[in-house]
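Chains as they are written, first to last, in my numbering: chain A, 3 to 410; chain B, 2 to 303.
Comments concern the structure below.
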């Protein structure tokens with residue numbers, strides 16, 4: 003029996019790994035030990051033990067719950083997924099243990115990731131909220147049709163992109179704004195360092211003569227990138243995505259989001275150092291390539307759901323968008339106001355800004371303008387390099403901001 | 002050794018209930034496993050869902066000492082783990098000098114001995130020879146910086162702390178460790194790997210009413226249910242900051258202090274500051290306050 007449980011834990015671990023959950027061997031072992039302690043009397047308890055062992059964020063919890071239900075019902079098809087009956091929990095675990103020997107659970111292991119993959123993007127994009135947005139007004143219906151839900155295939159890198167990569171690679175490490183950390187290091191600061199003073203004094207027969215001090219360490223500011231991937235930005239999106247990727251790997255803490263009609267976090271997807279692979283995983287996680295734009299709604303979602311988590315330490319926010327907005331302009335202004343207040347510096351990169359005779363006169367741009375600290379062009383390769391230079395100039399000084407009277 | 006070790010999940014539930022902490026089964030399972038497997042429990046959840054309270058209740062329930070470490074950026078070994086008593090060290094060197102002995106290797110060994118060591122919370126929790134096992138609460142780990150997380154790795158996997166000058170302290174009885182995080186930043190996977198993870202969600206209406214009743218003395222059942230229903234209606238909307246359970250309790254206490262037996266619009270309007278902490282949010286809620294109050298009163302009866 004014990005070995006059957008162990009085997010099941012291992013297979014279950016593989017299913018979870020297939021779903022991108024970090025089910026390393028030590029976690030599997032932990033799960034097995036947990037099961038030894040709590041037994042199989044209650045299915046819900048077993049599930050919670052699994053959550054304890056395998057889950058590391060609320061996102062993962064949804065995926066885990068799905069996999070758990072699928073795995074358990076694959077093991078005992080007679081059971082309904084939501085059943086939390088104590089008796090059935092026990093029997094399902096036993097059934098499953100028996101089938102392992104018959105070599106059947108392979109089916110469960112294969113079936114679960116396949117179905118779960120289909121469900122994952124939904125949970126990721128918070129379907130309830132998205133659905134509510136679409137039904138907000140008549141006009142928004144058109145966006146949902148425009149929203150190209152089909153996964154976009156990326157072509158290989160083109161020449162420009164390769165050049166950009168080389169250009170950025172040639173330059174020294176990207177330096178964005180720095181901030182003083184509360185952590186100190188030995189140096190010429192004002193803080194007395196008793197430990198090093200004492201150590202040094204031992205060399206002088208206990209005379210604490212050279213007073214050692216510490217100074218604040220400097221840290222890179224967190225950077226949050228919000229990249230527009232709607233239809234009007236299509237020409238730039240691949241290039242910009244690569245820029246985001248380069249940024250992500252050149253500066254340590256970069257959070258990246260893309261938005262069109264909905265907001266998607268792509269920080270995790272960009273984690274692969276190889277750009278082509280990163281691109282592929284971004285494409286797989288984003289549902290609204292080349293669709294419409296609702297900047298206001300997306301910024302609102304960012305402000306409500308993410309700002310507290312990613313803007314906590316004086317982050318620099320960079321929005322990359324042409325400002326073509328088909329949504330509520332008043333909302334856009336309100337959310338920009340809030341975003342500016344919660345970020346250290348709000349930079350807007352506009353690809354149209356490089357074009358001759360362009361004035362930022364689209365409604366969206368007009369509404370956003372009062373709340374932007376720096377408006378920079380981003381229309382071709384040259385200006386992306388310029389951008390790196392411009393970003394390097396962002397220093398510790400806080401941008402001067404005036405009061406903007408609230409409309410309405 | 003584990004005389005006070007709860008033997009089952011039900012024991013945990015009972016302990017929590019005795020200390021007026023209304024928990025669902027899954028939290029009890031997590032705590033039970035954490036104690037049984039000697040793994041730290043990593044509690045995540047929105048602000049004010051009772052993460053810190055778990056540690057407090059557990060400490061009094063298990064009759065153990067609670068050692069709390071509040072994290073902040075720049076928190077370092079000197080404040081979290083140990084510090085040398087520099088004044089006494091220098092005094093000691095002076096005394097040695099007065100005796101005519103020159104500062105030597107022997108003196109150095111003396112002044113970096115245990116008697117000159119000041120134990121900070123983490124070392125106190127590990128060095129349990131005097132007080133027995135404790136509950137160690139590492140609060141708001143997301144506020145500390147990444148460097149500090151690294152200090153915790155040795156502590157959380159081996160329950161040991163190494164002081165270079167002295168050696169390694171190892172806990173005789175592993176402390177019950179609870180880490181909390183509000184997710185203002187993602188905590189590194191290496192740290193999470195050493196822990197059991199539990200996400201505390203907002204409770205449903207019935208449970209929140211139960212919590213309110215348990216925590217606010219003198220509240221009527223109707224008012225507790227109405228307050229819970231009203232807060233639930235706020236949470237279903239995308240406010241910048243959703244009220245936590247802590248806010249519900251504060252607010253309910255305010256209503257009781259005002260002598261209310263049931264919700265009415267005027268009282269809600271004057272006390273809304275206990276629930277919503279952003280001007281934009283309070284402005285928004287005033288638009289449909291009457292409807293929300295009516296709805297909450299209806300939901301409370303259902």
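Heads up, the beta-carbon is just placed ideally off N, CA and C, and yes, glycines get one too.
Residue i classed as buried or exposed, judged by whether at least 16 other C-beta atoms fall within 10 angstroms
i	result
residue 187(A)	exposed
residue 96(B)	exposed
residue 10(B)	buried
residue 38(A)	exposed
residue 199(B)	buried
residue 302(B)	exposed
residue 304(A)	buried
residue 228(B)	buried
residue 238(B)	exposed
residue 281(A)	buried
residue 276(A)	exposed
residue 21(B)	exposed
residue 165(B)	exposed
residue 49(A)	buried
residue 247(A)	buried
residue 278(A)	exposed
residue 13(B)	buried
residue 481(A)	The structure shown does not extend to residue 481(A), since chain A spans only 3 to 410, so no value can be given for it.
residue 271(B)	exposed
residue 155(A)	Unreliable positioning characterises residue 155(A) in this predicted model, as indicated by a pLDDT of 32, which lies under 50. A coordinate reading is not provided.
Residue from the options whose Cα sits closest to the Cα of residue i
i	options	result
residue 56(A)	271(A), 11(A), 202(A) and 41(A)	11(A)
residue 150(B)	109(B), 76(B), 202(B) and 131(B)	76(B)
residue 121(B)	80(B), 90(B) and 145(B)	80(B)
residue 236(A)	294(A), 58(A), 333(A) and 31(A)	294(A)
residue 1(A)	269(A), 27(A) and 379(A)	What is shown of chain A runs 3 to 410, which leaves residue 1(A) out entirely.
residue 288(B)	266(B), 299(B) and 276(B)	266(B)
residue 262(B)	279(B), 242(B) and 226(B)	226(B)
residue 177(B)	58(B), 85(B) and 163(B)	58(B)
residue 292(A)	260(A), 317(A) and 352(A)	260(A)
residue 49(B)	38(B), 212(B), 258(B) and 111(B)	212(B)
residue 282(B)	74(A), 340(A) and 54(A)	340(A)
residue 126(B)	160(B), 144(B) and 147(B)	160(B)
residue 36(A)	54(A), 376(A), 401(A) and 20(A)	54(A)
residue 366(A)	346(A), 337(A), 209(A) and 267(A)	337(A)
residue 189(B)	31(B), 231(B), 146(B) and 248(B)	146(B)
residue 29(B)	46(A), 373(A) and 368(A)	46(A)
residue 158(B)	35(B), 277(B), 290(B) and 259(B)	35(B)
Strand pairing of residue i, partner residues [DSSP]
i	result
residue 180(A)	222(A)
residue 71(B)	140(B)
residue 403(A)	Partner(s): none; residue 403(A) has no beta bridge.
residue 93(B)	Residue 93(B) is not bridged to any residue.
residue 237(A)	Note: residue 237(A) sits in no beta bridge, so no partner.
residue 267(A)	259(A)
residue 168(B)	164(B)
residue 351(A)	322(A) and 378(A)
residue 188(A)	216(A)
residue 43(B)	180(B) and 198(B)
residue 66(B)	135(B)
residue 300(A)	Residue 300(A) is not bridged to any residue.
residue 245(A)	Beta-bridge pairing links residue 245(A) to no other residue.
residue 229(A)	260(A) and 322(A)
Whole-angstrom C-beta distance between residue j and residue i, which should lie under 8 angstroms
i	j	result
residue 83(B)	residue 142(B)	Not really, about 19 angstroms apart at Cβ, beyond 8 angstroms.
residue 124(B)	residue 170(B)	6 angstroms
residue 310(A)	residue 185(B)	6 angstroms
residue 192(B)	residue 153(B)	6 angstroms
residue 174(B)	residue 129(B)	6 angstroms
residue 262(A)	residue 299(A)	Not confirmed; about 10 angstroms, so no contact.
residue 179(B)	residue 216(B)	20 angstroms between Cβ atoms; not a contact.
residue 292(B)	residue 231(B)	Contact doesn't hold; Cβ gap of about 11 angstroms is too wide.
residue 250(A)	residue 180(A)	Contact doesn't hold; Cβ gap of about 18 angstroms is too wide.
Check: residue i C-beta below 8 angstroms from any heavy atom of the ligand MG
i	result
residue 173(B)	This structure lacks the ligand MG; in fact it carries no ligand of any kind.
Residues of the segment 53-69 of chain A whose Cβ lies closer than 9 angstroms to any Cβ of chain B, in chain order: Within the segment 53-69 of chain A, 53, 54, 55, 56, 57, 58, 59, 60, 62 and 63 place their CB atoms closer than 9 angstroms to a CB of chain B, listed in sequence order.
Could you name the residues of the segment 251-262 of chain B whose beta carbon sits closer than 8 angstroms to any beta carbon of chain A, in the order they occur along the chain? Listed by position, the residues of the segment 251-262 of chain B near chain A (Cβ gap below 8 angstroms) amount to none.
Could you name the residues of the segment 15-35 of chain A whose beta carbon sits closer than 8 angstroms to any beta carbon of chain B, in the order they occur along the chain? Against chain B - using a Cβ distance shorter than 8 angstroms - the residues of the segment 15-35 of chain A are 24, 26, 28, 29, 32 and 35.
Check distances from the C-beta atoms of the segment 196-215 of chain B to those of chain A and list, in chain order, the residues that come in under 7 angstroms. Cβ contacts with chain A come from 197, 198, 199 and 200.
The segment 179-195 of chain A: positions lying closer than 8 angstroms to chain B by Cβ: Listed in sequence order: 183, 184, 185 and 186.
Using a Cβ-Cβ cut-off of less than 9 angstroms, list which residues of the segment 330-342 of chain A approach chain B; keep chain order. Within the segment 330-342 of chain A, the residues whose Cβ lies closer than 9 angstroms to some Cβ of chain B are 336 and 340, listed in chain order.
Pull out every residue of the segment 6-33 of chain B whose Cβ sits closer than 8 angstroms to any Cβ of chain A, in chain order. So the list reads 10, 26, 27, 30, 31 and 33, given in the order they occur along the chain.
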